[in-house]
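For reference, the structure discussed in these notes is given below.
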Amino acid sequence: MINRRSEISLMLLAICQQRKGNLPEGVRLVNQVILDAPDRADLHLHLASIFQNMGWAKEAASHVQRARLLSAKVPQPQ
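For the record, in the sequence shown the residue sitting at position 49 is 505 according to our numbering, with numbers rising by one throughout.
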């Protein structure tokens, strides 16, 4: 299980990789966090943004939809 500190570190790394243009590494890092926190809507939205940057509209839409459902049904961290 990833602790909260590691989760934040991985997300920061994912953002850095995304900004550098290394989108596959950004996807890998976000997916690693999602494995341990699958109910976090914000993680799915970030993954959707990377997929959108990659031109993968279908995958992006899937994660946006998942984030909406999670936001409606599962308490989210503030």
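Heads up, the beta-carbon is just placed ideally off N, CA and C, and yes, glycines get one too. Being a predicted model, the structure only gives us computed values, none of them experimental.
Alpha helix (DSSP H) segment containing residue i, residue limits
i	result
P494	Unbroken run through P494: none, as it is neither H nor E.
V520	513-529
Other residues of its chain near residue i: CB distance less than 6 Å, five sequence neighbours each side excluded
i	result
L526	D495, A497
I471	none
Contacts around residue i, its chain only, beta-carbon distance under 7 Å, and the 5 residues preceding and following it disregarded
i	result
E515	F507
Own chain, CB closer than 8 Å to residue i, minus 5 neighbours either side, in chain order
i	result
L501	H519, V520, A523
Residue i Cβ short of 6 Å to the ligand NAD heavy atom set
i	result
Q488	As presented, the structure is devoid of all ligands, the ligand NAD included, so that no description of it is given.
Which listed residue (the options) has its alpha carbon closest to that of residue i
i	options	result
W512	L469, P480, R475, M467	P480
M467	V489, K529, V530	V489
N509	P533, L469, R475	R475
Span separating the alpha-carbon of residue i from that of residue j
i	j	result
V483	L503	6 Å
G477	S505	13 Å
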